[in-house]
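Below is one structure, written out as structure tokens; the observations come after it.
Chains as they are written, first to last, in the numbering used here: chain A, -16 to 547; chain B, 273 to 456.
Here it is as structure tokens:
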């Protein structure tokens, strides 16, 4: 029996998992349209590679990864691209983002695809496949997996496979482990090879005995030598990467340190499954398991095509009429969706239909009584009451001193708060303010540098011009003795001065040169003229001469009419 | 008596030498206060303060020749920071001199005649173009200073406000919504 460790704090909210685990995973019906956001992952938004009206095949790339940290986006089924525009997406802001809308043709026609043997394929190639298959962390962080499956100097000893699924209501990983355990472990084996890890620890909370049994059976059946399935105590947020690593290995990942520096890397079980599908069969990430639960007739898990509108999905479970909100994710950390038209993304593990009966609106927040229960349950060992205090006062420097950025926003503090203060909202507010300030400081720094460089440049140009002038003058002076002496000069003003270089002479010479230039150089705009243009000019000249004549005549008349 | 005097003279000479040496060795180049003030300013180089750039304004503040409330792009927070740095009272913006919405310049390329006047006006070289060629703004480098707008002879430069989208959206300060309760 492996010795398990404990992380600080944690809470025991009612799990509500039994509602959706009664039936196996069901293939969701083909929706009327797919709304696929191009930014479903951490990093740069994918760049659309298709045109409106184009027919796409299932698995075809519709957004190519841009930059180092990015991931591809694919058409989840065959059909026609209806629009590439801004649509509402699953985001806290409720703002739209760039999405591709595809109308399925019902044929579900695959693009040509094939897998590789991962043992015969170089690791860089495997990572490239993962990137182009759009494989990202499906636990909710949606970090591109190709960037995570790299072990610098082979430092990673342990691969932690996260099947804890600690948040209430969500059961998608549970069902996936029950039904597809061997594929998950094969994917984990590929990740282990990529990381050169020595062991794979699969952490599953002990409220999922069926999943634990299935995974253990799969380890035995396939003879995975380096794998161990471990039941961990059910305690929210035990599925947080740092928390699970702490429980399984005893390693405490300090503030500002990555777990990889401590020799541990963590992947979600669903990610491992997708890695297997992508490498073995060449199937990109096109669908995922989504739990539909809450205020519905039949809570269950669906295999859902990415981009399926939430409204069409929940209709299959019989959303009850008093439903007034859709929550993506769990009740602790979930996002309130702005509309039912939002498409399912790679991050969508669960849709909870909410009603006032199920989730009564929170009573107004009361003042903080400094009971410090939040500090007792904080899994990051922070002082939430202090962070709240400083965030409320907008004292952002202080919040950073109290390690605001170690907060994983799990909501355990708000869950136990007797004053019902929306603590996490304050932390998120403070974080985004700090990020914005940092960004502004950075752009100010860039502006300062550019401004200074510009001034330097102007100064340099001035200097260069002066130098050029000086040089020209020098050259002219040097050439002078060779030139023939100019016409006899007027008497020099200063008898001591050089008789060949008086001011008046220089001015005369300049005037002469200018006159000469004017005489020799024609204005450019009257060279190469067509006969018509020349005729026109002649006409104008004639008219002008006439005017002159008339004007001088008139002047003469005036003169003559004046009384003398 | 005499020996005590010699000791005191010796000490004073020694200390004088140390002070003199350190005055040369650890001499601070430039005015550190100016740099601190400049670091607080938003570096838009817009000249709305009446000085040709952020550095001259910082110098003027350090000399006590300028008020601290002359920088609209810095916002009220900028004034607060300056007040804290200089140990003076916070001073609100004057009438109608508050900060404007953040925006970037945009050149209507159909109208642009390629005169290069805006190029010369831009304090951060955020406009690309050449004589009789179309000009365009590098939006990511534009500080929104509006200095390119007045020189344009064909009025083809507009200041477009930077709207809110997913990439720059911020969490709001949590507030308790007020609900009107009707009297019974």
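Quick reminder that beta carbons are idealized off the backbone N, C-alpha and C, glycines included. The structure presented is a predicted model; accordingly, all values stated were derived computationally and were not measured.
Integer-rounded CB distance, given that residue j should sit under 8 Å from residue i
i	j	result
residue 118/A	residue 249/A	Going by Cβ atoms, the distance from residue 118/A to residue 249/A rounds to 15 Å, so no, they are not a contact pair.
residue 317/B	residue 430/A	7 Å
residue 190/A	residue 0/A	7 Å
residue 161/A	residue 197/A	5 Å
residue 261/A	residue 113/A	6 Å
residue 45/A	residue 58/A	5 Å
residue 83/A	residue 31/A	6 Å
residue 343/A	residue 402/A	Actually they do not touch by this definition, with Cβ atoms about 17 Å apart.
residue 76/A	residue 441/B	4 Å
Which of helix, strand or coil DSSP assigns to residue i
i	result
residue 443/B	coil
residue 277/A	strand
residue 442/A	helix
residue 475/A	Low confidence applies here, because residue 475/A scores a pLDDT of 48, under 50, leaving its location unreliable; read the following figure in that light. Residue state, collapsed to three classes: coil.
residue 172/A	helix
residue 254/B	An answer regarding residue 254/B cannot be provided, because it is not within the stretch 273 to 456 covered by chain B.
residue 57/A	strand
residue 575/A	Residue 575/A is absent from the model: chain A starts at -16 and stops at 547.
residue 326/A	strand
residue 270/A	strand
residue 367/A	helix
residue 379/A	helix
residue 202/A	helix
residue 453/A	helix
residue 69/A	strand
residue 390/B	helix
residue -14/A	coil
residue 145/A	strand
residue 432/B	strand
residue 424/B	coil
residue 344/A	coil
residue 520/A	helix
residue 184/A	strand
residue 216/A	coil
residue 160/A	helix
residue 451/B	coil
residue 87/A	strand
residue 210/A	strand
Exposure of residue i, with buried meaning 16 or more beta-carbon neighbours within 10 Å
i	result
residue 154/A	buried
residue -10/A	buried
residue 370/B	exposed
residue 515/A	exposed
residue 336/A	buried
residue 305/A	exposed
residue 101/A	buried
residue 545/A	Reliability of the predicted coordinates at residue 545/A is poor, the pLDDT of 43 falling under 50, and the value obtained from them is presented with this limitation in mind. Flag for residue 545/A reads exposed.
residue 309/B	buried
residue 157/A	buried
residue 362/B	exposed
residue 80/A	buried
Residues that residue i bridges to, as DSSP identifies them
i	result
residue 319/A	310/A
residue 400/B	408/B
residue 38/A	63/A
residue 404/A	None; residue 404/A has no bridge partner.
residue 47/A	30/A
residue 356/B	Paired residues: none, contrary to the question.
residue 334/A	275/A and 311/A
residue 81/A	69/A
residue 249/A	143/A
The stretch 235 to 251 of chain A touching the stretch 299 to 307 of chain A, judged by at least three CB pairs closer than 8 Å: No, because fewer than three Cβ pairs between the stretch 235 to 251 of chain A and the stretch 299 to 307 of chain A fall closer than 8 Å, the two stretches do not touch.
The stretch 197 to 217 of chain A / the stretch 165 to 173 of chain A touching (three or more Cβ pairs under 8 Å): Flag = yes, the stretch 197 to 217 of chain A and the stretch 165 to 173 of chain A touch.
Inter-stretch contact (C-beta, 8 Å, three-pair minimum) for the stretch 373 to 389 of chain B and the stretch 422 to 431 of chain B: Contact between the stretch 373 to 389 of chain B and the stretch 422 to 431 of chain B is present, because at least three Cβ pairs lie under 8 Å.
Cβ contact (3+ pairs, closer than 8 Å) linking the stretch 350 to 364 of chain A and the stretch 49 to 58 of chain A: By the Cβ test, the stretch 350 to 364 of chain A is not in contact with the stretch 49 to 58 of chain A, since fewer than three Cβ pairs between them sit closer than 8 Å.
Three or more C-beta pairs below 8 Å linking the stretch 403 to 411 of chain B and the stretch 336 to 348 of chain B: No, they do not touch.
Inter-stretch contact at 8 Å, needing at least 3 Cβ pairs: the stretch 308 to 316 of chain A / the stretch 389 to 400 of chain A: Touching, yes.
Stretch-stretch touch, CB-based, cutoff 8 Å, three pairs: the stretch 349 to 359 of chain B with the stretch 317 to 328 of chain B: The stretch 349 to 359 of chain B vs the stretch 317 to 328 of chain B: no contact.
Cβ pair count under 8 Å reaching 3, the stretch 375 to 385 of chain B against the stretch 408 to 420 of chain B: These segments touch.
Stretch pair the stretch 25 to 39 of chain A + the stretch 280 to 287 of chain A: three plus CB contacts closer than 8 Å: These segments do not touch.
Inter-stretch contact (C-beta, 8 Å, three-pair minimum) for the stretch 406 to 416 of chain A and the stretch 425 to 442 of chain A: Proximity of the stretch 406 to 416 of chain A to the stretch 425 to 442 of chain A falls short of the contact definition, fewer than three beta-carbon pairs being nearer than 8 Å.
Cβ pair count under 8 Å reaching 3, the stretch 119 to 133 of chain A against the stretch 23 to 30 of chain A: Yes, the stretch 119 to 133 of chain A touches the stretch 23 to 30 of chain A.
contact_flag[the stretch 352 to 359 of chain B, the stretch 302 to 317 of chain B] where n(CB pairs < 8 Å) is 3 or more: With a cut-off of 8 Å, the stretch 302 to 317 of chain B and the stretch 352 to 359 of chain B count as touching, because enough Cβ pairs lie within range.
Touching by the beta-carbon criterion (3+ pairs, under 8 Å), the stretch 270 to 283 of chain A and the stretch 135 to 146 of chain A: Taking one beta carbon from each stretch, the stretch 270 to 283 of chain A and the stretch 135 to 146 of chain A have fewer than 3 pairs nearer than 8 Å; the two do not touch.
Cβ contact check for the stretch 376 to 384 of chain A and the stretch 417 to 429 of chain A: 3 or more pairs under 8 Å: Taking a cut-off of 8 Å for Cβ pairs, the stretch 376 to 384 of chain A and the stretch 417 to 429 of chain A touch, as three or more such pairs fall below it.
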